[in-house]
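Single-structure report; data block below.
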Amino acid sequence: MDAQPEAATEKAAGAGQTYRFLSSVFRQPPARDWFERLKSPEISTALGLLAETFGRRENPAALLDDFEHLRRDYAELFEIPAGRFVAACESRYVEIPDDAAPPSVRMLEVYHACGFVFDAGTPVAPDHLSAQLEFLGHLAAAEEEALLNRDDCRASIVRLTALDLIDYHLLDWVPRFISALRAVHGHPFYVTMAELTGDHIRRERMRLVAAIEGGTRSVH
Amino acid sequence: MKRIEEQTTMKSDKNRPSPTLDLNPSVDRRTFLQVTGALAATAAAMPSLLSKAQAAPIEPHATPDPVNGTVINSVCFMCHSRCGVKATVVDGVLVKLDGNPYHPNNASPDERVAYSVPAADAKNVRGRMCAKGQSYIQTLYDPARLKSPLKRVGPRGSGQWKAITWKQALDEIAAHLKTVYDPKTDIDPNFPEMGKVSNKIVFSPGRIQGGNLDFTDRIFKSAIGTANFRVNHTSICEVSHHTAFNLLTDYKSNHFKPDILNARYLIWFGTSPLEAGFSHQQIARHVSEFRARGGKMVTVDPRFSNTAARSDVWVPVKPGMDAAFALGMCRWIIDHKRYDENFLTNTKADVNGEKSYSDATFLVRKDNGKFLTAKDASGVTRNFVWNGGRAWMNHEAPGAKGELDPGEVKVDPGDGTLVDCQTVWSLFVARVREKTVAEYAEMAGVEQSLIEDVAREFSAAGKQGVANPYRGPVKHTNGVYGAMAIAALNLLNGNYDWKGGNSKGGGRPHYEGGAAPGQISLGKVPGGVSPAGVPITRHSKFYEKDAPNLFARDGYPAKRPWAPFNRDWNYQELMPSIEEGYPYSIDTLITYWNALPYSTPSARDTFERVIVDETKVKFFVAIDILIGEVSKYADIILPESSSLEKWSFPHAGTPAIPTSVGNFRQPVVGSYIEKVISGKTRRFYVPAYAQGNVAFDHWRSAGVTSGTEPEATGPQLLEDILIAIAGRMGLPGVGPNAFDLTGAKDGYDWRSDLYSAWDFYQNGLNNQSVETGATVEEIIAKGGVFAPVKGSPSDPTVAYSGNYMKSQFKNLVHLYVEALRTTKDSMTGQVYDPLPKVVPISDVLDRPIAEDPAFPYTMVTYKNAYHGQARTIQNPWLQGIKPENFVEINPLDGRRLGLENYDLVRLTGRNGATATGRVRFTEGIRPGVVAISHHYGHWESGGNPNVSVDGQKLFSDPARLRGIAPNPLMMKDPVLKNVCLQDKIGGSASFFDSSVKIERVGA
Amino acid sequence: MTQIGWILDLTKCVGCHACTVACKSENNTAPQISPLVMRNGRAITVDWRRVTEIERGTYPKVAREFVSMACNHCLEPACMKSCPVGAITKRDKDGIVLIDQEKCNGCRYCVWACPWGAPRFSEITHKVEKCTFCVQRIDAGLQPACVTTCVGRALTFGYDVGPTREVPEGFADPQLTGAQIRFVR
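Protein chains in written order, with numbering that gives the first Met the number 0: chain W, 0 to 219; chain A, 0 to 1002; chain E, 0 to 184.
Quick look at the structure:
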């Protein structure tokens, strides 16, 4: 149990909002108004502060040089399966044995088990990074809601689900995604956002482990 | 096409600072919540992924337009089956290949489109087509294809090239050839058999087909006059089989196939028509029909081939011991009098209900083993037979019958002498009875009952029981005897020319002329020459008779073996003979479609040693579509068009088709330059990836024609390349008056001049038309002319005449080969045995090869249905079916070697060569035998990443190098040392007599 | 509604893989041009039709069977039920099952659900493709490419071919989804 219930709630809320933001970065091509919004004083300051919480001095907003450049890079990196293509899906990076379900299927099962039905209005696979981040965001929101309702049991279950996804998938896969992005010289904004995702997930893992009653899972 | 990049995966960065458990102290929790809230708000436009979906109707996956597009019927060349191909072209791009629905290889008689149906009406009818042929489109558009003539930079084989113009390439080649070309002067006046200096120019097309070969013969044989005008690959294919049947038929037919559609019992000896052979897909289909009709089938093969899988009986014979199995069957059939006595006692053709006949009743002299013969009143040489207590000339014997075994008889052949004679039959029976069935079974490594059962059922099928050999039994040092033993089975059943029996096939119309009045000779070159002397590979030449001075110098053994009975070329002897300069040294090597070191047993080291030696091969030009295992070493490579951009008249070739097949191959893509020269429109073909035409460039610079067309670049037609070279050299056979049109039928567009390939093929088309009655336009539209030109292909009278094949051999088939009894082997000085027998695997001095316990596994090779030999690995559709081949062994052997399935193993041949591959266990192989398919394990062919032109790396596909190539591991002849084991009678390379060692190198 | 379906004569299939390539050629499935891309020893290909070889027995009594298999255009397609985005539909007029490439999100649930592994995930488009019965040819009154090319004349097609009685070893129960293939032996 977290010593300070209020703090725990706020942490979950903050985590959820961070997930939601990061998810949106990878979800779809940048829109011009989104791009301008990110460069606004309010948001760029927020972005700088977020980075600062991970010990980064540089404000990622400073990397937003040119909208067309960012848009083109997004397309080359995540949309067109050609030379620089770096899929934001786990299945790109793992061998799937013939008798095993692919990660996308496993993710669908996870979503289903947690009461979510996966929808794809956009061509995003269930194991796409943004889907998983959104899902973690939903879990954090559910955690927050449980904490507000003083339902510690429910909060623990939700935390365990999130921890499972992080432990068995993202902790291993996000670094691969980052190095793949670096290898093809992806736009520094996306590289940084991927790094922030990694940072956030690692911190989330620690938060979840600490928050889960008994803290029996080893941290490594 | 999109390329998937391999992603490098890395573990998380260790240098990054560990995130603290709590927030960075500079950002308090409340601020953080505001910060993330503001950021999350930017995601407001993001659609949620976790909500309900809606269903709606859909459009199908986009696919090529099935009916719009130009259809061109042509002939495939992904293997040697010479099936028809129907190309669909949209906007000048080849989009689909199917079978030509008019072609008997692509459609069975009951589904084939009648030749009288106009091509436009058959546009949407597809013939059948195997996997290889359909993927030919990927060879045409292979990114590894050469787009420019290349000249080597640095030493031969260094992989460093510079692009040069066609003009420079052809000027340099013509200039060098002029220094060698001399069809008048002897190489050595002391050895006239070496022929003229022109013999030092060697043209070696690995594979070349009808039309193309007539053209290259025109240049190399008739214009340059070299005896080495076409050193092709047939001796590494199946020449011992051809040689055996040539010997058995007095060179009248080298190939028979069963009439599968009507046979009742088939034995495939070392051939798998469901996977290979030609015409693979047609025979495979007919085998399926045969089995559906209830036909029974036996496959004799140490490997459980797909054909064995569809057979009623699999005989996992010991490699090289097919003759033992066949002679064991002969023994049982003779002992049980199950042979066809009516057939065997006939003394001439077309009598007593039979069309062909045998020499069973012919009398053989005891003194010299020759047939007892004499000239009849009209001067024709006749054989003697015995009937009713006296000898007769075979054509006069009462009832056209002779006795099979009158015992030893004394005969006066007409000169007053009495000669002791025996019949062929008595000699054959004595030979067969040298061993019991049990002994034959022991040698063949099979159960005695298997021989007896197969013999019983085979003989019970009578005329509709056929045994067919191909490479398996003949690619051994004893190959001809294997084929002769199997051929004897067919004589015992008397199945030649019978419906459902052994068929010589329907033949083909003669595009080259000489068969019908009104045709012209495509080969005759006014002002041309005839080559003199022996070819460097010494095939078709008798050591003592044809090389008396060399024989006087060297005696026995000759320095290298001669192959007098082989009417093809002795391909495996080419590089070793060049190395030793025997019978003479050469100057220039020109190759075409050649993969010698990949395809020839144990040839890689010899080839690579000789080809880089500029004293042995002074000048080397390769004509190729990509940089292959041979062209890698060339001084100049000339890029050639693919066979989808080519004219040819590929011989139908296979006797499996009972009706006549006149193939016409034509370009399916590309364009033409048309010019009027000497009153006729000349078509100069511009292949895909090319502009201009080299022959046109030549005649333009010679002032014969003019135009502003660009100079030739890119791949060009073989014929046009040779026209441009011959034109530069001033050779006969090209340009004005290149054909003799005497007797040419009126009403055709005959060409007396040869300015471009088209002039040549126009004349060939005219010849096909004159002989068949089909118009030239029809032949072009339908990709050839296929009997029946009128009427229905399903009408049985098209292929059959009552109970017989319509196309009949109607001639003599021997049990006894006199020429073997009278010809001395060039290495031993001894005559050969005239009868089939079981011979051990031997070296060139006839000494049996001792087994070496260090190399315990006999290696055999085979072909998958979805690959040809050396020229299919570039097609990714085929690569994808099986990206690499395996070292296939019985699990018993695998366990003995401590292997797990799919372990990595190293194979070592007795020649010291090694190769690695993955082992695959299969119950479908005889223990002690290892099988490796022959298509994989290339080291060039567009797979080598270290080839550059003008400093730029060429395209390469590393997947083409996958798998293991068996041929370089094969055994060398222990006497000659620079060549594989050989069948000296067949003049052919041994493929299945080599053993290997297998060692595990990894998982 | 009539229902289209395959008829495969197991005695006539010669195991030549011509149908595999005919399908690739007709439908331009990957790889279309060299080089063949390999990943971890596996070729990156998308084969809507494949031929499986099944070997049984012990030397020298061995048997080998070939089964050419594409989508069986089931009466009750498991893939269609499994698809979370409604990309898979079954045509009313002939029961051909199709995957809308615009809608497919590449989740591979159908790959998992199909008892015969007919849906193929493309590592190139990151979507799932499968045999369309050459719907463009069917609609033009022509036969599917695999049928027109079948070397052994083993593969044909028909309407309402009915449930198969004969099933090769290892083949899932056709009743599971109403697979439209009839084996003949």
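Don't be surprised by glycine CBs; every beta carbon is placed ideally from N, CA and C.
Item	Value
Since Gln878 (chain A) meets chain E, which of its residues come closer than 7 Å, beta carbon to beta carbon?	Leu35 and Ala42
Check whether the Cβ atoms of Leu891 (chain A) and Pro926 (chain A) sit closer than 7 Å, and answer yes or no.	yes
For the candidate residues A:Leu844, A:Val978, A:Lys645 and A:Ala243, whose alpha-carbon lies nearest to that of Gln208 (chain A)?	A:Lys645
What does Leu195 (chain W) pair with, by DSSP beta-bridge criteria?	DSSP output for Leu195 (chain W) lists no bridge partner at all.
Could you spell out where the alpha helix (DSSP H) holding Arg820 (chain A) opens and where it closes?	Glu817 to Thr821
For Ile1003 (chain A), list the residues DSSP reports as bridge partners.	What the structure shows of chain A is the stretch from 0 to 1002, and residue 1003 (chain A) is not part of that stretch, so it cannot be assessed.
Could you tell me which residues DSSP puts in a beta bridge with His127 (chain W)?	W:Cys88
Assuming Lys1024 (chain A) and Ala798 (chain A) are in contact, meaning their beta carbons sit under 8 Å apart, how far apart are those beta carbons, in whole angstroms?	Residue 1024 (chain A) cannot be examined here, being either before or after the span of chain A that is shown, 0 to 1002.
Quick check on this structure: which residue in A:Lys347, A:Leu273, A:His285 and A:Leu265 has the alpha carbon closest to the alpha carbon of Glu110 (chain A)?	A:His285
Measuring only the C-alpha atoms, how far is Gly205 (chain A) from Lys374 (chain A)?	43 Å
Determine the chain E residues that contact Ile136 (chain A) at a beta-carbon separation under 9 Å, and present them in chain order.	Ser24
Pro29 (chain W): which of W:Ala14, W:Glu5, W:Leu69 and W:Lys10 sits nearest, CA to CA?	W:Leu69
Measure the alpha-carbon distance for Pro174 (chain W) versus Val116 (chain W) and round it to whole angstroms.	28 Å
I want to see whether chain D comes within less than 7 Å of Phe77 (chain W), judged by CB atoms only; does it?	Annotation note: the requested chain D is absent from the structure, which comprises protein chains W, A and E.
Under 8 Å by Cβ, that's how I've got Thr476 (chain A) and Ser157 (chain A) pegged, so tell me the actual separation to the nearest angstrom.	Contact doesn't hold; Cβ gap of about 37 Å is too wide.
Going by C-alpha distance, which of W:Arg36, W:Glu35, W:Ser178 and W:Ile42 is nearest Asn58 (chain W)?	W:Ile42
For Leu22 (chain A), count the other beta carbons within 10 Å of its own beta carbon; 16 or more makes it buried, fewer makes it exposed. Which is it?	Legend: pLDDT at Leu22 (chain A) = 47, less than 50; position of this residue unreliable, value from coordinates given subsequently. With 16 or more Cβ atoms within 10 Å of its Cβ, Leu22 (chain A) is classed as buried.
To the nearest angstrom, how far is it from the Cα of Ala484 (chain A) to the Cα of Pro468 (chain A)?	10 Å
Quick test of the definition: if touching needs 3 or more C-beta pairs under 8 Å, does the segment 310-317 of chain A touch the segment 32-52 of chain E?	no
If Ser601 (chain A) sits next to Asn305 (chain A), beta carbons under 8 Å apart, how far is it from one beta carbon to the other, in whole angstroms?	28 Å between Cβ atoms; not a contact.
List, in order along the chain, the chain E residues whose C-beta lies closer than 9 Å to that of Asp696 (chain A)?	Ordered by position in chain E, no residue passes the 9 Å Cβ test against Asp696 (chain A), which lies about 31 Å from the chain.
By how many angstroms is the C-alpha of Lys365 (chain A) removed from the C-alpha of Phe324 (chain A)?	29 Å
May I have the straight-line CA-CA distance separating Pro18 (chain A) from Glu78 (chain W), to the nearest angstrom?	Note that Pro18 (chain A) scores a pLDDT of 35, beneath 50, so its modelled location is shaky; the value from the coordinates is reported in the next line. Their backbone Cα atoms lie some 32 Å apart in a straight line.
Which word fits Pro731 (chain A), buried or exposed, when buried means at least 16 other C-beta atoms lie within 10 angstroms of its C-beta?	buried
So for Thr1 (chain E), helix, strand or coil by DSSP?	coil
Is it buried or exposed for Ile931 (chain A), if we count other Cβ within 10 angstroms and need 16 for buried?	buried
Which runs of the alpha helix (DSSP H) spanning at least 4 residues fall entirely within the segment 131-214 of chain A, listed in chain order?	135-139 and 165-179
For a cutoff of 7 Å on Cβ pairs, would you count Ala42 (chain A) as touching chain W?	yes
In chain E, which residues lie with their C-beta within 7 Å of the C-beta of Phe117 (chain W)?	Pro83
Looking at the structure shown, is Thr62 (chain A) part of a helix, part of a strand, or coil, going by DSSP?	Confidence in Thr62 (chain A) is poor, its pLDDT being 41 and thus under 50, which makes the residue's placement too unreliable to answer from.
Would you please verify whether the beta carbon of Pro59 (chain W) is less than 7 Å from any beta carbon of chain E?	no
By Cβ distance below 8 Å, which residues in the same chain neighbour Asn548 (chain A) in space, the five residues on each side in sequence not counted?	Asn189, Phe190, Pro191 and Glu192
Could you have a look at Met826 (chain A) and say whether DSSP puts it in helix, strand or coil?	coil
Give a yes or no on whether the minimum CB-CB distance between Lys996 (chain A) and chain E is below 7 Å.	no
Hey, would you say Lys11 (chain E) sits closer than 7 Å to Arg164 (chain E), going by beta carbons?	no
Between Ala964 (chain A) and the rest of its own chain, which residues show a CB-CB distance below 6 Å, the 5 nearest in sequence each way excluded?	Gly936
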